[in-house]
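A.B. asks:
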């Protein structure tokens, strides 16, 4: 039986700079230990890393699996990997409480940053990141994928009650809009969303946990933010319909995932002349 509540911990680590990024693995393990008591801890995009495929490779998997077992917590982490075609791919791993693998999600919608700015071409995957742990359906939507509303909608329509959004960070002046977008996705899809990012210095981070009716917690400059989500409430919102009665019994319009007419949405999948060319990293 799925639990009625669930405790999320979003880790927002300060990256440890240097040619060998493996020090970030030990730092991640410490954050898992600090999050003990939570049900799931989620790390940002390419954290603990490596950040880039041409960086010195290190495998964070064994250390995080051991930490998951020791702390009885599910761990979500990621790294950049080299593909057979020579390009790179951001891959998110979900490790269960027992240390065993649950999901490998390769990002389907890479960012539209020109290769000249980040120096690397990326290879998109073709499968969305739905999975289940502890009897709860969840999903992964990475970084700027959250700004493409169709992705979160599909993940939610497939049943996800919690969506995890590991992002790279460096948002600076966009931080407020990042948090608005994440809140909007939670409201329109009647789900909980945990967003987190790397801290590259002493900047204000965007990590947060929010729900369909209100935000639950913001990390600010802290490396860890935790909140308990009410899944029974979410299931009530998904099962009920809107009402004009006052006072209202909800702060978000219920039943939205059932109020759809997909036969009218053909334009969403129609070819576009200016579609982004992922193969060459340009429009």
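Numbering (UniProt numbering), first residue to last: 1 to 283.
Here a beta-carbon is modelled for each residue, glycine too, at the ideal position from N, C-alpha and C.
Since the structure is predicted, the reported quantities are computational estimates derived from the model, not experimental observations.
What three-state label does DSSP hand residue 153 in the structure shown?
C.D. replies: If DSSP states are grouped into helix, strand and coil, residue 153 belongs with the helices.
A.B. asks: Kindly confirm or deny that the segment 169 to 176 and the segment 238 to 245 touch, where touching means at least three C-beta pairs closer than 8 angstroms.
C.D. replies: Short answer: they don't touch.
A.B. asks: So is residue 255 in contact with chain B if we call contact Cβ pairs under 8 angstroms?
C.D. replies: The displayed structure is made up of one protein chain only, and chain B is not part of it.
A.B. asks: Suppose only complete runs of 3+ residues qualify. What are the beta strand (DSSP E) ranges in the segment 139 to 213, listed by chain order?
C.D. replies: Counting whole runs of 3 or more residues, the segment 139 to 213 contains the beta strand (DSSP E) stretches 162 to 169, 192 to 198, 208 to 210.
A.B. asks: Give the C-beta separation of residue 2 and residue 41 to the nearest angstrom, bearing in mind that I take them to be a contact with Cβ-Cβ under 8 angstroms.
C.D. replies: The Cβ separation is near 20 angstroms, so there is no contact.
A.B. asks: Report yes or no: do three or more beta-carbon pairs, one from the segment 49 to 62 and one from the segment 15 to 25, lie closer than 8 angstroms?
C.D. replies: Cβ pair count under 8 angstroms is three or more, so yes.
A.B. asks: Which same chain residues, not among the five before or five after residue 135, have their C-beta less than 6 angstroms away from its C-beta?
C.D. replies: If we look at residue 135 and ignore the five residues flanking it on each side, its Cβ neighbours are 2.
A.B. asks: Check whether the segment 223 to 236 touches the segment 192 to 210, counting contact only when three or more Cβ pairs, one atom from each stretch, lie closer than 8 angstroms.
C.D. replies: Touching, per the Cβ criterion.
A.B. asks: Short check: CB of residue 222 to CB of residue 12, under 8 angstroms?
C.D. replies: In contact: residue 222 and residue 12 (Cβ atoms closer than 8 angstroms).
A.B. asks: Please state whether DSSP places residue 81 in a helix, a strand or coil.
C.D. replies: Looking at residue 81 - three-state DSSP - the assignment turns out to be strand.
A.B. asks: Does DSSP put residue 284 in a helix, a strand or coil?
C.D. replies: No statement about residue 284 is possible, as the shown extent of the chain runs from 1 to 283 and does not include it.
A.B. asks: Under 8 angstroms by Cβ, that's how I've got residue 234 and residue 190 pegged, so tell me the actual separation to the nearest angstrom.
C.D. replies: So it is a contact: roughly 6 angstroms between Cβ atoms.
A.B. asks: Pick out whichever of 261, 216, 157, 111 has its Cα sitting closest to the Cα of residue 179.
C.D. replies: Closest by alpha carbon: 216.
A.B. asks: Helix, strand or coil for residue 9, going by three-state DSSP, please let me know.
C.D. replies: Residue state, collapsed to three classes: strand.
A.B. asks: Closer than 8 angstroms is the cut-off here; do at least three beta carbon pairs connect the segment 64 to 81 with the segment 198 to 208?
C.D. replies: Short answer: they don't touch.
A.B. asks: Rank 85, 168, 160 by C-alpha distance to the C-alpha of residue 286 and give the top, closest one.
C.D. replies: Given a span of 1 to 283 for the chain in the structure shown, any question on residue 286 remains unanswerable.
A.B. asks: Quick test of your reading: residue 91 and residue 106, contact by CB under 8 angstroms. State the CB separation rounded to the nearest angstrom.
C.D. replies: Yes, residue 91 and residue 106 are in contact; Cβ-Cβ is about 5 angstroms, under 8 angstroms.
A.B. asks: When you compare only the Cα positions, how much space is there between residue 33 and residue 132?
C.D. replies: So the alpha carbons of these two residues sit roughly 23 angstroms apart.
A.B. asks: For residue 32, report the span of its beta strand (DSSP E) as first-last.
C.D. replies: Premise fails: residue 32 lies in the alpha helix (DSSP H), 23 to 34, not in any beta strand (DSSP E).
A.B. asks: Where residue 73 and residue 7 are concerned, what is the direct C-alpha to C-alpha distance, given to the nearest angstrom?
C.D. replies: Taking the straight line joining both Cα atoms gives about 10 angstroms.
A.B. asks: So which of 170, 205, 161 has the shortest CA-CA distance to residue 187?
C.D. replies: Per the Cα distances, 161.
A.B. asks: Do the CB positions of residue 152 and residue 140 come within less than 8 angstroms of each other?
C.D. replies: Cβ atoms of residue 152 and residue 140: not closer than 8 angstroms.
A.B. asks: Is it the case that the Cβ atoms of residue 99 and residue 65 are separated by a distance below 8 angstroms?
C.D. replies: Cβ distance < 8 angstroms, so residue 99 and residue 65 count as in contact.
A.B. asks: Do residue 87 and residue 81 have their beta-carbon atoms positioned less than 8 angstroms apart in this structure?
C.D. replies: No, the pair does not count as a contact, with Cβ atoms beyond the cut-off.
A.B. asks: Nearest to residue 111 by CA position, among 150, 144, 138, is which residue?
C.D. replies: Of the candidates 150, 144, 138, the one whose C-alpha sits nearest the C-alpha of residue 111 is 144.
A.B. asks: Could you round the C-beta distance between residue 205 and residue 219 to whole angstroms and report it? I think they count as a contact, below 8 angstroms.
C.D. replies: Sure, about 5 angstroms apart at Cβ, within 8 angstroms.
A.B. asks: Measure the Cβ-Cβ separation of residue 102 and residue 95 and say whether it is below 8 angstroms.
C.D. replies: Taking 8 angstroms as the Cβ cut-off, residue 102 and residue 95 qualify as a contacting pair.
A.B. asks: State the beta-bridge partners of residue 105 as determined by DSSP.
C.D. replies: Partner(s): 92.
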